[in-house]
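Protein chains in written order, with the working numbering: chain A, 727 to 803; chain B, 21 to 404.
We put the beta carbon where it would ideally sit given N, CA and C, even for glycine.
As structure tokens, this is what we get:
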């Protein structure tokens with residue numbers, strides 16, 4: 727139910743105070759509300775739940791998590 | 021990290037399914053878990069329950085790590101009486117009931133929303149609350165009621181839609197609000213005398229909205245570690261590593277494995293929208309857990325016109341769960357899904373008796389769809 731998936735913002739528009747975007751998930755494109763992620767723009771990845779982006783994916787943190795995983799069992803005891 | 025699967029590549033998904041890293045992380049879990057201690061870990065969110073079975077994580081982890089499936093499946097914890105209430109509104113000829121697909125097969129006393137639809141009731145599946153509002157714009161002669169369910173992940177979207185309905189002056193739309201909040205349910209579980217837990221895998225997408233601070237009491241007052249986790253296999257495995265490290269060191273902290281998506285402070289804009297539209301209900305009934313005070317949201321007086329409970333008279337009947345089904349015990353982790361006396365016989369995903377069998381995230385349905393079938397296949401190939 728709390729399923730939310732990351733997708734890439736293709737373009738944004740603003741109409742009557744609401745900000746929306748076309749967001750691409752793999753081969754699918756959907757219209758999504760950006761009202762809760764004012765900082766997100768074209769090219770950013772956002773995590774979308776029931777038609778609303780609830781978080782902008784932080785690339786540096788994603789990279790850091792991957793690095794931690796890559797170093798698993800090597801750097802930490 | 022480069023994505024190996026060029027076609028249909030899902031960035032920020034595929035990286036966290038990398039087989040070589042999964043093997044390494046599982047090795048690390050085995051090393052940390054050792055053989056002497058038993059670890060009981062509750063995954064709070066139904067999305068995590070689903071991932072555990074779908075990705076077969078249970079099979080690759082050592083046996084001394086036990087998952088207790090938590091209350092984080094909103095369909096599963098909704099009492100039958102609320103489904104009956106929602107369907108009673110939809111019986112009016114001028115009403116269209118809009119609901120998420122997850123809701124459609126949840127049994128009420130007179131059948132599920134899908135069965136009511138088959139009998140001629142106007143019930144529509146929507147992907148989002150704003151799609152329900154779109155229906156109201158399309159059908160000015162009807163009144164559209166959105167059957168809202170979900171935790172803090174979903175509640176902000178409902179709030180946004182209600183605010184939009186007010187701003188646009190759409191009066192043929194209202195919300196039957198069944199939104200619940202996760203913290204009081206976790207408190208109820210920790211207060212339950214038959215519950216023994218070592219730590220929690222915290223709900224990733226709820227935390228996107230509420231942040232990590234609301235869990236601090238679990239570490240500080242209850243002495244249990246909690247790691248907020250993403251939903252891909254490597255996210256969950258890394259969270260288990262983080263939990264085991266804390267448990268082995270005798271620590272209990274709130275940690276955030278899902279930092280690429282969950283900010284420590286949550287999503288302020290989403291929290292503001294919730295505060296604008298909702299207030300806490302004094303008490304709300306949870307299937308399997310009973311009444312929990314201040315555990316659910318209702319629409320506040322400012323938006324009363326869009327509150328279906330104020331617009332329509334509801335029977336408000338309390339329905340006790342079928343006594344043969346042991347959903348409560350399974351929900352609290354006292355019984356494993358297959359230990360319920362109805363599991364796989366009277367109660368199946370095709371004909372669910374209890375709600376845990378309805379949603380794919382319900383622990384019984386997840387167990388039935390993956391574990392149970394696997395066991396059946398194994399016994400078939402053994403007898404062949």
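Under 6 Å Cβ to Cβ from residue i, same chain only, skipping five residues before and after it: list those, please.
i, result
"residue 345 of chain B", "362, 373, 374"
"residue 227 of chain B", "248, 282"
"residue 196 of chain B", "106, 165, 167, 328"
"residue 300 of chain B", "314"
"residue 353 of chain B", "88"
Please report whether the beta-carbon of residue i lies at a distance below 8 Å from any beta-carbon of chain A.
i, result
"residue 69 of chain B", "no"
"residue 33 of chain B", "yes"
"residue 21 of chain B", "Note that residue 21 of chain B scores 47 on pLDDT, short of 50, meaning its location in the model is unreliable; the coordinates nonetheless yield the value given after this. So yes, residue 21 of chain B belongs to the interface."
"residue 258 of chain B", "yes"
"residue 287 of chain B", "yes"
"residue 387 of chain B", "no"
"residue 149 of chain B", "yes"
Would residue i pass as an interface residue toward chain B - the criterion being a Cβ-Cβ separation below 8 Å?
i, result
"residue 801 of chain A", "Low local confidence applies: a pLDDT of 46 at residue 801 of chain A is under 50, so the model's placement there is unreliable, with the coordinate-based value given in what follows. No, residue 801 of chain A lies away from the interface with chain B (no Cβ there is under 8 Å from its Cβ)."
"residue 773 of chain A", "yes"
"residue 805 of chain A", "This structure gives no information on residue 805 of chain A, because the portion of chain A shown stretches from 727 to 803."
"residue 736 of chain A", "no"
"residue 788 of chain A", "yes"
"residue 770 of chain A", "no"
"residue 730 of chain A", "yes"
"residue 755 of chain A", "no"
"residue 749 of chain A", "no"
"residue 767 of chain A", "no"
Where does residue i land, buried or exposed, given buried means 16+ other C-beta within 10 angstroms?
i, result
"residue 284 of chain B", "exposed"
"residue 118 of chain B", "buried"
"residue 184 of chain B", "buried"
"residue 754 of chain A", "exposed"
"residue 69 of chain B", "buried"
"residue 415 of chain B", "The displayed coordinates of chain B run from 21 to 404. Any statement about residue 415 of chain B would go beyond what the structure contains."
"residue 224 of chain B", "buried"
"residue 198 of chain B", "buried"
"residue 89 of chain B", "buried"
"residue 761 of chain A", "buried"
"residue 785 of chain A", "exposed"
"residue 187 of chain B", "exposed"
"residue 99 of chain B", "buried"
Whose C-beta lies closer than 8 Å to the C-beta of residue i among residues of the same chain, with five residues either side of it excluded?
i, result
"residue 277 of chain B", "247, 248, 249, 250, 255, 258, 259, 262"
"residue 471 of chain B", "Because chain B is modelled from 21 through 404, residue 471 of chain B falls outside the range shown and cannot be assessed."
"residue 130 of chain B", "104, 107, 136"
"residue 33 of chain B", "252"
"residue 745 of chain A", "738, 739, 759, 760, 761, 764"
"residue 798 of chain A", "none"
At a cut-off of 7 Å, is residue i close to the ligand NAP when judged by its beta-carbon and the heavy atoms of the ligand?
i, result
"residue 769 of chain A", "Ligands are entirely absent from the displayed structure, and the ligand NAP is therefore not among its contents."
In terms of DSSP beta bridges, what is residue i paired with?
i, result
"residue 734 of chain A", "A/750, A/771"
"residue 276 of chain B", "B/248"
"residue 306 of chain B", "B/310"
"residue 327 of chain B", "B/195"
"residue 317 of chain B", "B/300"
"residue 363 of chain B", "B/367"
"residue 232 of chain B", "For residue 232 of chain B, which the question treats as bridged, DSSP gives no partner whatsoever."
"residue 739 of chain A", "A/746"
"residue 778 of chain A", "A/759, A/775"
"residue 115 of chain B", "B/163"
Can you list, in chain order, the residues of its chain whose CB lies under 7 Å from that of residue i, leaving out five sequence neighbours each side?
i, result
"residue 245 of chain B", "219, 239, 263, 266, 267, 271, 272, 273"
"residue 143 of chain B", "110, 117, 119, 133, 136, 137"
"residue 92 of chain B", "64, 65, 66, 171, 202, 223"
query = Where in the segment 127–206 of chain B do unbroken runs of the alpha helix (DSSP H), each at least 4 residues long, occur, reported from the N-terminal end onward?
reply = Taking only runs of at least 4 residues, the alpha helix (DSSP H) segments lying wholly in the segment 127–206 of chain B are 133–138, 149–158, 175–188.
query = Can you give, in chain order, each stretch of the beta strand (DSSP E) that sits fully within the segment 53–108 of chain B and has at least 3 residues?
reply = List check, beta strand (DSSP E) in window: 59–65, 85–92.
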